[in-house]
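Numbering (our numbering), first residue to last: 152 to 420.
Just so it is clear, CB atoms sit at the ideal spot from N, CA and C, and this is done for glycine as well.
Here the structure is laid out as structure tokens; the discussion comes afterwards.
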């Protein structure tokens, strides 16, 4: 893939048109599955959610690690605890990334025929007040809290990312729990612009294709425009030229994104 073709800067806010670098490598699911433990989260009501948990090599309980919560898209739904291990969800298990930025990664799997956020994707922006939290999202939050309590995690370096249906989940999680993330990476998703004030200080790098016919580009730009109005000067927006919904298969390859994410720390705001 070609590197970014054109960019312009507004204060510290970026809007980049082009394509990401290809420095990160994609692996087969078996590679990610061998490195990420398979679990089933069960809450007190016996509700269940499959998830994969990646721990850095030589994990040490005395070291505080960054945490990534990674949401998959609609095509990876199910109960096999394997489909969600696509590169755009699990790529940062890669040895190169982990050598420089060891971290813990949670990769939940949404049940078939359910959604992280129960809205029609083709309409883009929506109102959270009109959309009750889904069971999968409630379970993700319970799972997240459990992992946070059991493992050595740097609470100032928690990152939320997701693609497509998971892009919706990323915006939704951050808007509902704005005190948690140090940064967010929503890819071809949408959120509730009326609540942008809640995340006006959170660094966000959003991605979308300019020809997306599944989730409209406005789903991303509505949020970004509102955040700019709120004074958030820690925003980056990458719009891939002549790209449809497959922006989800491009954003994760951006090596600059990796370095950008791990620099984000709530203590530095």
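In its chain, beyond the 5 residues on either side, 175, 238, 239, 242 have a beta carbon closer than 7 Å to the beta carbon of residue 403. Going by DSSP, residue 307 is part of the beta strand (DSSP E) stretching over 304–314. The C-beta distance from residue 340 to residue 319 rounds to 5 Å, short enough to fall under 8 Å. Here DSSP, grouped into helix, strand and coil, assigns residue 418 to helix.
For residue 299, the enclosing alpha helix (DSSP H) begins and ends at 286–301. No Cβ-Cβ contact shorter than 8 Å links residue 278 with residue 399. Nearest in C-alpha terms to residue 284, of all of 268, 394, 214, 276, is 268.
For residue 330 and residue 412, the gap between their C-alpha atoms comes out near 17 Å. For residue 385, the CB contacts under 6 Å within the same chain, skipping 5 residues up- and downstream, are 354 in chain order.
Here residue 186 is buried: its Cβ has 16 or more other Cβ atoms, across all protein chains shown, within 10 Å.
If you look at residue 375, you'll find it in the alpha helix (DSSP H) that goes 369–380. Going by DSSP, residue 188 is part of the beta strand (DSSP E) stretching over 187–193. By the Cβ-count criterion, residue 271 is exposed, with fewer than 16 other Cβ atoms from all chains shown falling within 10 Å of its own Cβ. The DSSP-derived three-state label of residue 329 is coil. DSSP places residue 183 in the helix class (H, G or I) of the three-state scheme. Following the DSSP letters along the chain, one finds residue 199 inside the beta strand (DSSP E) bounded by residues 199–205. In the DSSP assignment, residue 240 falls within the alpha helix (DSSP H) that extends over 238–241. In the DSSP annotation of this structure, the continuous segment of the alpha helix (DSSP H) that includes residue 248 starts and ends at 246–251. The beta-carbon distance between residue 317 and residue 224, rounded to whole angstroms, is 5 Å. This is short enough to meet the 8 Å contact definition. By the Cβ criterion, the region 333–351 is not in contact with the region 252–266, since fewer than three pairs of Cβ atoms, one from each stretch, lie closer than 8 Å. Contact between the region 287–301 and the region 370–386 is absent, with fewer than three C-beta pairs closer than 8 Å.
Within the same chain, and ignoring the five residues on either side of residue 265 in sequence, the residues whose Cβ sits closer than 6 Å to its Cβ are 287. About 6 Å separates the CB atoms of residue 307 and residue 333; that is less than 8 Å, so the two are in contact.
DSSP places residue 338 inside the beta strand (DSSP E), whose first and last residues are 334–338. For residue 318, the secondary structure class from DSSP, reduced to helix, strand or coil, is helix.
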